[in-house]
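For the protein sequence lines, the chains are F and H, in the order given. Quick note on the UniProt record's numbering: the first sequence kicks off at 1 and runs consecutively. Quick note on the UniProt record's numbering: the second sequence kicks off at 1 and runs consecutively. Quick reminder that beta carbons are idealized off the backbone N, C-alpha and C, glycines included.
Protein chains: 2
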Amino acid sequence: MSARTRGQVRVVGTGLLGTSIGLGLSSLAVDVVLDDVSPSTLALAVDYGAGRRSAEGDAPAVVVVAVPPDVVAHVVRAELERFPDALVTDVASVKAGPLAALRAAGAPIERYLGSHPMAGRERGGPIAARADLFLGRPWVLAPHADSTSEQAAVLEALALDLGAVPVRLPAERHDDAVAIVSHAPQLVSSLLAARLVDAPDHATDLAGQGLRDTTRIAGSDPALWVQILSANASRILPVLSDLRDDLDAVLAALADPAAAGAQRSLADVLAAGNDGVARIPGKHGVDLRTTTLTVLVDDRPGQIARLLTEIGELGVNLEDMRLEHSPGAPIGIVELAVTPEVAGGLEADLQHRGWRVA
Amino acid sequence: MSARTRGQVRVVGTGLLGTSIGLGLSSLAVDVVLDDVSPSTLALAVDYGAGRRSAEGDAPAVVVVAVPPDVVAHVVRAELERFPDALVTDVASVKAGPLAALRAAGAPIERYLGSHPMAGRERGGPIAARADLFLGRPWVLAPHADSTSEQAAVLEALALDLGAVPVRLPAERHDDAVAIVSHAPQLVSSLLAARLVDAPDHATDLAGQGLRDTTRIAGSDPALWVQILSANASRILPVLSDLRDDLDAVLAALADPAAAGAQRSLADVLAAGNDGVARIPGKHGVDLRTTTLTVLVDDRPGQIARLLTEIGELGVNLEDMRLEHSPGAPIGIVELAVTPEVAGGLEADLQHRGWRVA
Numbered sequence: 001m002s003a004r005t006r007g008q009v010r011v012v013g014t015g016l017l018g019t020s021i022g023l024g025l026s027s028l029a030v031d032v033v034l035d036d037v038s039p040s041t042l043a044l045a046v047d048y049g050a051g052r053r054s055a056e057g058d059a060p061a062v063v064v065v066a067v068p069p070d071v072v073a074h075v076v077r078a079e080l081e082r083f084p085d086a087l088v089t090d091v092a093s094v095k096a097g098p099l100a101a102l103r104a105a106g107a108p109i110e111r112y113l114g115s116h117p118m119a120g121r122e123r124g125g126p127i128a129a130r131a132d133l134f135l136g137r138p139w140v141l142a143p144h145a146d147s148t149s150e151q152a153a154v155l156e157a158l159a160l161d162l163g164a165v166p167v168r169l170p171a172e173r174h175d176d177a178v179a180i181v182s183h184a185p186q187l188v189s190s191l192l193a194a195r196l197v198d199a200p201d202h203a204t205d206l207a208g209q210g211l212r213d214t215t216r217i218a219g220s221d222p223a224l225w226v227q228i229l230s231a232n233a234s235r236i237l238p239v240l241s242d243l244r245d246d247l248d249a250v251l252a253a254l255a256d257p258a259a260a261g262a263q264r265s266l267a268d269v270l271a272a273g274n275d276g277v278a279r280i281p282g283k284h285g286v287d288l289r290t291t292t293l294t295v296l297v298d299d300r301p302g303q304i305a306r307l308l309t310e311i312g313e314l315g316v317n318l319e320d321m322r323l324e325h326s327p328g329a330p331i332g333i334v335e336l337a338v339t340p341e342v343a344g345g346l347e348a349d350l351q352h353r354g355w356r357v358a
Numbered sequence: 001m002s003a004r005t006r007g008q009v010r011v012v013g014t015g016l017l018g019t020s021i022g023l024g025l026s027s028l029a030v031d032v033v034l035d036d037v038s039p040s041t042l043a044l045a046v047d048y049g050a051g052r053r054s055a056e057g058d059a060p061a062v063v064v065v066a067v068p069p070d071v072v073a074h075v076v077r078a079e080l081e082r083f084p085d086a087l088v089t090d091v092a093s094v095k096a097g098p099l100a101a102l103r104a105a106g107a108p109i110e111r112y113l114g115s116h117p118m119a120g121r122e123r124g125g126p127i128a129a130r131a132d133l134f135l136g137r138p139w140v141l142a143p144h145a146d147s148t149s150e151q152a153a154v155l156e157a158l159a160l161d162l163g164a165v166p167v168r169l170p171a172e173r174h175d176d177a178v179a180i181v182s183h184a185p186q187l188v189s190s191l192l193a194a195r196l197v198d199a200p201d202h203a204t205d206l207a208g209q210g211l212r213d214t215t216r217i218a219g220s221d222p223a224l225w226v227q228i229l230s231a232n233a234s235r236i237l238p239v240l241s242d243l244r245d246d247l248d249a250v251l252a253a254l255a256d257p258a259a260a261g262a263q264r265s266l267a268d269v270l271a272a273g274n275d276g277v278a279r280i281p282g283k284h285g286v287d288l289r290t291t292t293l294t295v296l297v298d299d300r301p302g303q304i305a306r307l308l309t310e311i312g313e314l315g316v317n318l319e320d321m322r323l324e325h326s327p328g329a330p331i332g333i334v335e336l337a338v339t340p341e342v343a344g345g346l347e348a349d350l351q352h353r354g355w356r357v358a
């Protein structure tokens, strides 16, 4: 596979994101040069194979600034000045603030186009980096009045090289979106996990997958997140204020569950949760854009291949699929997600061919 | 492997938990008889291999009541009367209420010992059942003043047969514990997911793993959970009241992030989240039996069928499989779960055949 990215790429900041970008591009033989204020972090990223050390004579076509949020605007501005022929981007989680700061500082923002790959891990640093960190993840590009579509295309090529899915979204709309899908969840997860600090051992010993999942991101780095949350505070505030109103209704219902309307109040919150989960695209929960068929198959090698071969013969493209196989059960369960238009026909065709559709 | 469980086991209620118990015990050749008020649910569980239909002459040593919370006490009492030689348990999520109700009704509670396996899924019904649902999960036994240690040992044997980790905990302490580790997380996840109901598409399209994990259990059945939450309301209330107090501090900080103490306030919540996550004991939730291979496939009809056909040709049986397909991405990601013994050979064989194994 050859790279879509043309020319040298300079990565400033070799933490989790910067090193992951370097690893991914280097694996495609892109010339990646790395820089970091910490010599030991830089050495680790170089050793790890993310690129070579920056040096005199570097001539990057693209500079990717992957530094903590509170210094993004400052570093982007310095890079714009140092490399007057380069397109400069950053990967920070908040986009409106840095753009406004650069504009206010009189930086040459016609060569700046912010981005935000929707990928991360609870652990940071180059050692946590992965070339496939961005695989299948949205990579937001935030065009502005002074950027060009050609510049966006250059960054889209870079995102595609890393396996990401480029999405163009203006800074304000991006920041509104991440307040809902990333920043509010971070705070809610932290608030929930905080309940465990003083919990007795016999309680934490009962922790199941639900608690683990809901609190996983509460393990994130507080120093990084204070910066992110502060930078997007005005957009997170209304999301969590609404949540607080709903929480107050829940508290009232729990205080007197036998009161008129209390059960209904709890059911409303739980049902709204169902509806919210259904809005998330993809493998999780129900996808409104797809219909799921459940097929029972014998638990023998080749059965699922035969099913999928027949679906291919019927000309149907699967949107998603999941196999469930309970050890000891004589049958497996295959869930097929297809577009609603083809679901009815597929069900009839499969039943006609002798498959058991539940 | 031979079963520790002695004698016939009767399972009343063939939903997710009852059918999973039946599947697991049947795989160990325990004589399992099944009953359910719904003939179609019962038929599905029998077809699935969870046991045989209950009949005249059944003589269970143990009766497991796996019915919705609001009818647990009623059904347990009926089973105690119908099978005067059996030990009766239930698997409901709240333990103090049923015990008190049985005691108040004058039921022979010297043959009742409640239990609660800490396992579940967002989806219910026999079709979602799995013999390995309880693997590595705590299984609480709630001894009381009129139960014996020998009875607890009988249920511990059953739990061990299902791969669970038995834990003895009095009903009140159990109910306090699950308020923190299960019931509060359910409500918080629902409250968070509810933010997505009116979110714009460009926001939900950016959903990442953090949002998916924090909202996964918000997909749970509202009717079931209203019963659970109502039955344990007095214990959930203080947990969520504390959370509301912390949330109010967060809202104040977000309203004026530049104010003195605001950053500190956010950092405190995030750090408390770190500390809370650190209280969760490690690794109960990982799948102990399988290794996962990740294969990248082109997003065209027939590709996955070809992959699975080749896996079948290689004589490998899949334990589980999941397809991830990000809309607009040129590739899909297939996660194949196989037994550890065959994983290495399969990876090499697939790469040899030209598949991209990540």
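Count the other CB atoms, across all protein chains shown, that sit within 10 Å of the CB of residue i; report buried if there are 16 or more and exposed otherwise.
{"i": "G328/H", "result": "Note that G328/H scores 46 on pLDDT, short of 50, meaning its location in the model is unreliable; the coordinates nonetheless yield the value given after this. With fewer than 16 Cβ atoms within 10 Å of its Cβ, G328/H is classed as exposed."}
{"i": "H284/H", "result": "In this prediction, H284/H scores a pLDDT of 34, lower than 50, which makes its location untrustworthy; the coordinate-derived value is nonetheless stated afterwards. Under this definition H284/H is a buried residue."}
{"i": "R356/F", "result": "exposed"}
{"i": "A223/H", "result": "exposed"}
{"i": "L288/H", "result": "Confidence in L288/H is poor, its pLDDT being 49 and thus under 50, which makes the residue's placement unreliable; the coordinate value appears in the next sentence. Its Cβ having fewer than 16 others within 10 Å, L288/H is exposed."}
{"i": "H116/H", "result": "buried"}
{"i": "H352/F", "result": "exposed"}
{"i": "S326/H", "result": "Its pLDDT being 46, under 50, S326/H is placed unreliably in this model, and the coordinates cannot settle the point."}
{"i": "I127/F", "result": "exposed"}
{"i": "P69/H", "result": "buried"}
Residues of chain H with a CB under 9 angstroms from the CB of residue i: which are they?
{"i": "I280/F", "result": "A193, L196, T204, A207, L211, R212, T215"}
{"i": "G51/F", "result": "What G51/F touches in chain H: nothing, since even the nearest Cβ is about 21 angstroms away."}
{"i": "G97/F", "result": "Within 9 angstroms Cβ-Cβ: nothing; G97/F doesn't reach chain H, min ~11 angstroms."}
The alpha helix (DSSP H) that contains residue i, what's its start and end?
{"i": "D47/F", "result": "39-48"}
{"i": "A152/H", "result": "149-161"}
{"i": "A193/H", "result": "184-193"}
{"i": "L247/F", "result": "233-255"}
{"i": "D175/H", "result": "171-178"}
{"i": "T5/H", "result": "Taken as a continuous stretch (DSSP letters only), T5/H belongs to no alpha helix (DSSP H), as it is neither H nor E."}
{"i": "G210/H", "result": "209-215"}
At 8 angstroms on the CB atoms, spell out the chain F contacts of residue i, in chain order.
{"i": "A267/H", "result": "P222, A223, V226"}
{"i": "R322/H", "result": "K283, M321, R322, L323"}
Report the residue from the options whose alpha carbon sits nearest the alpha carbon of residue i.
{"i": "V63/H", "options": "D47/H, D70/H, P84/H", "result": "P84/H"}
{"i": "S149/H", "options": "A164/H, L162/H, L169/H", "result": "L169/H"}
{"i": "E56/H", "options": "L34/H, A43/H, V67/H, Y48/H", "result": "L34/H"}
{"i": "A59/F", "options": "V9/F, A107/F, P281/F, L296/F", "result": "V9/F"}
{"i": "A252/F", "options": "V250/H, P238/H, A255/H", "result": "P238/H"}
{"i": "T309/H", "options": "L314/F, G302/F, E310/F", "result": "G302/F"}
{"i": "G315/F", "options": "L346/F, P68/F, A337/F", "result": "L346/F"}
{"i": "D246/F", "options": "D201/H, V197/H, L191/H", "result": "L191/H"}
{"i": "A260/H", "options": "I280/F, S230/F, D242/F, A164/F", "result": "S230/F"}
{"i": "I180/F", "options": "A199/H, D175/H, L162/H, R300/H", "result": "A199/H"}
{"i": "A171/H", "options": "R52/H, V91/H, A184/H", "result": "V91/H"}
{"i": "D256/F", "options": "A262/H, G312/H, Q263/H, S234/H", "result": "S234/H"}
Using the DSSP secondary-structure output, state which residues sit across from residue i in a beta bridge.
{"i": "A142/F", "result": "G114/F"}
{"i": "V277/F", "result": "V277/F is not bridged to any residue."}
{"i": "L28/H", "result": "Per DSSP, none; premise fails for L28/H."}
{"i": "D35/H", "result": "V12/H"}
{"i": "T291/F", "result": "V338/F"}
{"i": "V165/H", "result": "P138/H"}
{"i": "L87/H", "result": "V62/H"}
{"i": "V357/F", "result": "V295/F"}
{"i": "R52/H", "result": "V33/H"}
Would you mind reading off the limits of the beta strand (DSSP E) that contains residue i?
{"i": "residue 402/F", "result": "Residue 402/F is absent from the structure shown; chain F starts at 1 and stops at 358."}
{"i": "P60/H", "result": "60-65"}
Name the chain H residues whose beta carbon is nearer than 8 angstroms to that of residue i?
{"i": "L293/F", "result": "Ordered by position in chain H, no residue passes the 8 angstroms Cβ test against L293/F, which lies about 13 angstroms from the chain."}
{"i": "T89/F", "result": "Those within 8 angstroms of T89/F in chain H number zero; the least Cβ separation is about 17 angstroms."}
{"i": "V66/F", "result": "The sequence shown places Ala at residue 66/F, not Val. Those within 8 angstroms of A66/F in chain H number zero; the least Cβ separation is about 17 angstroms."}
{"i": "D246/F", "result": "L191, A194"}
{"i": "D263/F", "result": "For the sequence presented, residue 263/F should be read as Gln rather than Asp. The answer, in chain order, is V226, S230."}
Kindly list, in the order they appear in chain H, the residues whose Cβ is closer than 7 angstroms to that of residue i.
{"i": "P138/F", "result": "D205, L206"}
{"i": "I236/F", "result": "L254"}
Along chain F, which residues have their Cβ under 7 angstroms away from the Cβ of residue i?
{"i": "P185/H", "result": "L192, G210, L211, T214"}
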